[in-house]
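Q: So that we are looking at the same thing, I have put the structure below in structure tokens.
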Amino acid sequence: MTIMANSATAMTRRNVGCKSVENPMIQNPVVARMCFSNQVFNIRQTLQDHNLKIIGAKKCILLEFPDSESFCPQMRKIYPMRSLTSSGIVLRFHSFGYADRKLGIYIKYFGVCHRNIKKLFRFSRLFPVRNQICTRIDEAWSSDRRVISLSSASGCKGLNLTAVMRRDDALPLDNSVSECAAMRHKAATICGKLAQFCGKDRMADTTFMMNNDVVEELEALRRRLLELEEIEVMRVSDEQERFDSLQVLDEYAKQLEESRDKLTRLLRAGIAIQEARTVQNILQQIADAVGEAGWGSVSVSLFDNWEITQSAYCGVSDEDIEFLQNHRRPPGERARFYGPDFERFRMSRSYFVPAECLQEVISLNEVVPGRRAVQTGDTWDPMDLAYVPLYGSDGQVLGAVNCDDPVNGQRPNEEVFFYLELFADLAARKVETERLLENQQQIEEALRQSEEKYRTVFSRSADAFFLMDELFRDCNEQACRLWRCNYEDIVGHSPAEFSPEYQPDGRLSVEASLEYIHYAMAGNPQTFYWVHRCKDGVLLDCEVSLSAAKVGDETMVLANVRDVTERRRAERDRECMLGVLEIANSADRLENMIPRVFSELGKVLPVENGYFALYDVAEDAMSFPYSCGGLNASPLPQPLGRDLNAWVVRNKKPLRVDAAEYKSLKEAGEIVPSEKDPRVWLGVPLFSGSDVIGVLAVQSDRVEARFHKRHEQLLAAAAAQISVAVQRRRAEEMLRCTQFAVDRAADGIFWIGSDARFIYVNDQACQSLGYTREELLGMTIADIDPLYATRNWNETWQSLKEAGRVTVETMHRSKDGRRRPVEVTANFLEFGGKEMNFTFVRDLSARRRIEDEQRKLASLVENSLDYIAILSMRGQVVYVNDAGLRMVGLSALKDAPSLRSMDHLESAAESSVDDALQATIRLGHWSGELNLKHFHAGRSVPVQVHTFVLKNPDSEQVNAIAVMARDVSEIKRAETASRMSEESLRWLVENLDEAVGMVDVQEHFVYANPAMGTLLGVPYEDLSGRSLREFLDEKDFTFVREQTKNRQTGARNRYKVNLRRRDGVVRTVEIIATPQFDRAGKLRSVMAAVREISDRRNPV
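Residue 1099, in numbering that gives the first Met the number 0, is where the sequence shown stops; the numbers in between run on with no holes.
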């Protein structure tokens, strides 16, 4: 290892905020250049992973933590914010290499005790030997040393560092450095002499031996250089430490001065708050104190259920105060500022929302920006939002302190918020204290007033009061009035004497009353429902409250008895109406709702039977979809007569009928009596707006039954709910029908917003374009209309608004890229404050195809060689194509002497034409042969005619008759010639001496001439349909079948077989077979010419 005469020194720079500090005491430092192993490079990566920096890697390892604003989360747990200096923590590691492989690590610390250095090593996990390092740190600290030496022998295998020293030309100024330089000069002189002595060749010789004196002198120089090296390191380290300590002390002094000012302001604010006697004064003191702490604008507010109840301001203009008071946020919006949505803006217990994030969480129109002019170096933005909650002792938010316009122009950090939170805590505690005092005063006043009230309760109360143990000992006047008896009738008697034998819950009144009394005397107040019986036997629903009371030395029970008969009745009525409301809202059909409504009404109404009727205004009829209690009302509509239901419908008001009222209505002629009319009846109308849509009625045949005004009100309330349900069901049905019609419409329907986006699309729109509804709802017109780019949407929208309705033809592009013509009808509508375009899209592809087909058909008709005409239902010719005109010798239809269809035919065929027309109208078509008249040549033209009716496609009504006729003159001449030729051929074949026959593919005779019958010994007329198998043995028949198969290719062949006649004679014949095929190319039959080639043989 080469040793160079340089001394090592520590790093002379550290980060202080954004500035670099140099130590002027260090001149020309000598540093160690490091050669890192793989292990050290892993350390470098680990530092980068922990958000640490390595600066000056060629000189030393510098661990530099970020400043306090960007500390990593793990460092926050180890170093609390208030225990750090503003410049952060800097650790420097210097390594020095020696010949014996020892390693030295020098740790430079600033403002951190050695315990925190140990924590740093344990936290960062940079070195596998951190425990040994921490142990050496403890040893160095206790011995007041600042250099810690570790070697690989002591277990520091993780730090595998090797250093190579280099020389610095500039010499240090102190004595140790001068001595070091002298030693270095001396060593250079010795090396020069050695070079002169040995020469270059000798220096290269590995067997060269130096003089012992020179070697000893070099060894002494080496040892001295090592000692001076260590002394220099310690000296430079002490100087650096003193310099850094002064810097730290200056920072501490500044922090102490700032802390003293803050504590002074905090103490002054605390005294002012404690002296304040009203909540408003407390809020104002807090606002003023925060303003003095360096904030130009401050507002302090108190909340009650997130509503601002009181506010105080400091540095806020009257205009801004008025704006804040007139634009207060809703309670729910204000609560959100302290919820999970704002957790990312939380600093300590406060909140800071930067201006760049403000628009994400709140509308800028609701914020008053800061009024402070922005200056150079400011980090505070006028739109920044900072607020500190006032937390109560239970953790609830009592209010908030809003701060703006910091005097220093800097954004707050956690230390600033910590200081503001002290003010907020002072205010919260004082506000809570004042509120508690106010509540206590209110409670005391309430107790005083309550005491005065209770003095008169017993004697003047509207409720019945009793003083009792197991018997009544005292009562007030209301108790006597309630039970309709005298004072003497109550005192000395038990509660059971004024109760029925059993209570509604089934318990005996004697046992239940004693149980309640004993519970109350034991200190457990009792409140319960009880049925009392008055002296005259009338039962009362009562609410009883029992509580223990000291009367002298005795424990008595104070009983409060309240008549709740009407309240219980009202509760039952309310429960009934709630039940009806729930039924009306939950039932899906009227058939299910009405029975449940009557069942619920039966709990509070004397309902024996009832019904629900619907009135149809258009038909002036009543229908009865539901009845109960044995009524057999017909569900079919009945004309509105002059019964009780008709009276309610016509007069549009409820009707209560008893015997007297019924007689009065009958005598007045307002109703027509009926045997089915009940003795007692109550009916109420069902309204839809101002129109009556039905009647809800209950009735009874008992004379003693009575319906009261309360019953009428209950039934009317139920009718109102049923009316709403009926209208809602009808509206829902109409809406469902409308929605179904829109969804299933044959045309595509689009609802389009002013931004050209689709709001709704129906099924046809999705099917025609090949997109799903979800896909289309995320698209615009430009995605489906390839011509959209050629139009200006804003101009199109404005034109639609002005016109209200526009119809255009354009192209639509489906998902698979196909284009199709469409007709678009756009309708402008403004609904609910939104402008929309209701567009109906009709696919023109079919219409275009029909038009094309029509053009093709018209072209075919015009270019056809056949006679094509259209006749009216009266037989008039209204159209004839060009070929037809030529066929009858006309150049135009107007040149015809007459347009009657009869005049275009030969006179002999008029009766046939009339029959053909009648048959066409009756059957829809007719075919036959007629003779047209050639007007120019005067001859007849035989034609094959086909007629059919033309119907209206919508109504299926016959509108006209189409006539198609083909000139068959040539066909008739060809048929005549063919018929004559066929007859000649048939005569020739039948008169041939050679046997000729025709068989099908199954070898059955189709035809045979007389010679064939003679050959087979069978009359030739009997051979048709008979199989060839009858005249061949099995071997020959199989041979013939194979020949038939071979003829599938169309080849004609010749072969010999033995035929067996009917009389048993066998003859050898030669067959020449010719295949015949149908139009499809399939073998149809075989024509065979048979010639006998052997003499007759007798059968075996």
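The beta carbon of each residue, even a glycine, is placed where N, CA and C say it ideally should be. Keep in mind the model is a prediction, meaning the values are calculated, not measured.
From leucine 225 to glutamate 218, what distance separates their C-alpha atoms?
A: For the purposes of this step, residue 225 is taken as the residue at position 226 of the sequence shown. For the purposes of this step, residue 218 is taken as the residue at position 219 of the sequence shown. One C-alpha to the other measures close to 11 Å.
Q: Examine the Cβ distances between the stretch 718-734 and the stretch 634-646 and report whether three or more of them are shorter than 8 Å.
A: Result no; under three Cβ-Cβ pairs closer than 8 Å.
Q: If you draw a straight line from the alpha carbon of valine 679 to that of arginine 571, how long is it in whole angstroms?
A: Working through the sequence shown from its first residue, we reach residue 679 at position 680. Working through the sequence shown from its first residue, we reach residue 571 at position 572. Those two C-alpha atoms are separated by around 23 Å.
Q: Quick check on the DSSP output: the beta strand (DSSP E) that includes isoleucine 960 runs from which residue to which?
A: By one-based count along the sequence shown, residue 960 stands at place 961. Element bounds for isoleucine 960: 957-966.
Q: Could you have a look at glycine 290 and say whether DSSP puts it in helix, strand or coil?
A: Position 291 of the sequence shown, counting from 1, holds the residue named residue 290. In this structure, glycine 290 counts as helix in the three-state DSSP scheme.
Q: Tell me the DSSP secondary structure of methionine 872 in three-state form.
A: Position 873 of the sequence shown holds residue 872. Here methionine 872 sits in coil by DSSP.
Q: Could you tell me how far apart the beta carbons of leucine 768 and glutamate 808 are, in whole angstroms, since I believe they sit closer than 8 Å?
A: The residue given as residue 768 occupies position 769 in the sequence shown. The residue given as residue 808 occupies position 809 in the sequence shown. At roughly 17 Å, the Cβ-Cβ gap does not stay under 8 Å, so leucine 768 and glutamate 808 are not in contact.
Q: Please check the pair glycine 369 and aspartate 404, which I expect to be a contact at CB under 8 Å, by giving their CB distance rounded to whole angstroms.
A: As a first step, residue 369 is located in the sequence shown; it is residue number 370 there, counting from the start. As a first step, residue 404 is located in the sequence shown; it is residue number 405 there, counting from the start. Going by Cβ atoms, the distance from glycine 369 to aspartate 404 rounds to 5 Å, so yes, they are a contact pair.
Q: Output the residue ranges of the alpha helix (DSSP H) runs that lie fully inside the stretch 530-604 and measure 4 residues or longer, sorted by chain position.
A: Fully enclosed alpha helix (DSSP H) runs of 4 or longer: 564-585, 589-600.
Q: Within this structure, are the beta carbons of phenylalanine 739 and phenylalanine 837 separated by less than 9 Å?
A: In the sequence shown, counting from the first residue as 1, residue 739 sits at position 740. In the sequence shown, counting from the first residue as 1, residue 837 sits at position 838. No, these two residues do not count as a Cβ contact at 9 Å.
Q: So, is aspartate 383 buried or exposed, given that buried needs 16 or more other C-beta atoms within 10 angstroms?
A: Counting from one through the sequence shown, the residue named residue 383 turns up at place 384. Buried.
Q: Let's see if you can read the secondary structure: which residues bound the beta strand (DSSP E) around lysine 950?
A: Sequence index remark: in the sequence shown, residue 950 carries index 951 (1-based). That run of the beta strand (DSSP E) goes 939-950.
Q: From glutamate 660 to isoleucine 582, what does the alpha carbon distance come to, in whole angstroms?
A: Along the sequence shown, read from residue 1 onward, the residue named residue 660 stands at position 661. Along the sequence shown, read from residue 1 onward, the residue named residue 582 stands at position 583. Roughly 33 Å between the two C-alpha positions.
Q: The beta strand (DSSP E) with cysteine 402 in it runs from where to where?
A: In the sequence shown, residue 402 corresponds to position 403, counting from 1. Unbroken beta strand (DSSP E) run through cysteine 402: 396-405.
Q: Are the Cβ atoms of valine 289 and valine 297 separated by less than 9 Å?
A: As a first step, residue 289 must be located in the sequence shown, where it is residue number 290. As a first step, residue 297 must be located in the sequence shown, where it is residue number 298. Taking 9 Å as the Cβ cut-off, valine 289 and valine 297 qualify as a contacting pair.
Q: Does lysine 429 come out as helix, strand or coil in the three-state DSSP assignment?
A: In the sequence shown, counting from the first residue as 1, residue 429 sits at position 430. Lysine 429: helix per DSSP, three-state reduction.
Q: With a cut-off of 8 Å on the beta carbons, I'd call lysine 651 and proline 684 a contact; round off their distance for me.
A: Here residue 651 refers to the residue found at position 652 of the sequence shown. Here residue 684 refers to the residue found at position 685 of the sequence shown. Confirmed, about 6 Å.
Q: Measure the beta-carbon distance from proline 420 to serine 392 and round it to whole angstroms, keeping in mind my assumption that it falls under 8 Å.
A: Position 421 of the sequence shown, counting from 1, holds the residue named residue 420. Position 393 of the sequence shown, counting from 1, holds the residue named residue 392. First, the amino acid is wrong: residue 420 is glutamate here, not proline. Rounded, the Cβ-Cβ distance is 15 Å, inconsistent with contact.
Q: Which same chain residues end up closer than 8 Å to lysine 199 when comparing Cβ atoms and leaving out the 5 residues on each side of it in sequence?
A: For the purposes of this step, residue 199 is taken as residue 200 along the sequence shown, with counting starting at 1. Here lysine 199 scores only 44 on pLDDT, less than 50, and its place in the model should not be relied on; the value that follows carries that caveat. Correct list: empty, nothing qualifies.
Q: DSSP state of histidine 710, grouped into three classes?
A: As a first step, residue 710 is located in the sequence shown; it is residue number 711 there, counting from the start. Reduced to three states, the DSSP call for histidine 710 is helix.
Q: DSSP puts glycine 752 in a beta bridge; with which residues?
A: Here residue 752 refers to the residue found at position 753 of the sequence shown. In DSSP, glycine 752 forms a bridge with Met835.
Q: Along the chain, which unbroken stretches of the alpha helix (DSSP H) at least 4 residues long are found entirely within the stretch 451-486?
A: You should have 476-482.
Q: Skipping 5 residues on each side, what residues in its chain have a beta carbon closer than 7 Å to that of leucine 864?
A: For this step, residue 864 is matched to residue 865 along the sequence shown. The residues are Ala882.
Q: Can you tell me whether cysteine 313 is buried or exposed? The criterion is at least 16 other CB atoms within 10 Å of its CB, across all chains shown.
A: What you label residue 313 is simply residue 314 of the sequence shown in a count that begins at 1. It is buried - the Cβ of cysteine 313 has at least 16 other Cβ atoms within 10 Å.
Q: My output table needs one value for histidine 1003: the three-state DSSP class, helix, strand or coil.
A: Your numbering for residue 1003 matches position 1004 in the sequence shown. Residue state, collapsed to three classes: strand.
Q: If you reduce the DSSP assignment to three classes, tell me which class methionine 346 lands in.
A: Here residue 346 is taken as the residue at index 347 of the sequence shown, counted from 1. In this structure, methionine 346 counts as strand in the three-state DSSP scheme.
Q: Taking the continuous beta strand (DSSP E) assigned at methionine 1086, which residues delimit it?
A: The sequence position of residue 1086 within the sequence shown is 1087, counting from 1. Note, methionine 1086: beta strand (DSSP E), 1082-1091.
Q: Tell me, please, whether the stretch 621-628 touches the stretch 585-602 by the rule of three or more beta-carbon pairs shorter than 8 Å.
A: The stretch 621-628 is in contact with the stretch 585-602.
Q: Measuring only the C-alpha atoms, how far is glutamine 853 from leucine 859?
A: To locate residue 853, count along the sequence shown from 1; it is residue 854. To locate residue 859, count along the sequence shown from 1; it is residue 860. Using only the alpha carbons, I get a separation of about 10 Å.
Q: Just the Cα atoms here: how many angstroms apart are asparagine 475 and arginine 705?
A: Here residue 475 corresponds to residue number 476 of the sequence shown, with the count starting at 1. Here residue 705 corresponds to residue number 706 of the sequence shown, with the count starting at 1. Taking the straight line joining both Cα atoms gives about 36 Å.
Q: Looking at C-alpha atoms only, which residue of Glu355, Tyr770, Lys833 is the closest neighbour of glycine 816?
A: Within the sequence shown, numbered from 1, the residue matching residue 816 stands at position 817. Closest by alpha carbon: Tyr770.
Q: Where do the ends of the alpha helix (DSSP H) carrying histidine 517 lie?
A: Counting from 1 along the sequence shown, the entry for residue 517 is found at position 518. That run of the alpha helix (DSSP H) goes 508-520.
Q: Quick one: what does DSSP say serine 86 is sitting in, helix, strand or coil?
A: Residue 86 sits at position 87 when you count from the first residue of the sequence shown. Note that serine 86 scores 34 on pLDDT, short of 50, meaning its location in the model is unreliable and no value can be drawn from it.
Q: In the DSSP output, which residue or residues are listed as bridge partners for glutamate 829?
A: Here residue 829 corresponds to residue number 830 of the sequence shown, with the count starting at 1. In DSSP, glutamate 829 forms a bridge with Glu834.
Q: Measure the Cβ-Cβ separation of leucine 1103 and glutamine 324 and say whether it is below 9 Å.
A: The requested residue 1103 is not part of the displayed model; the chain covers only 0 to 1099.
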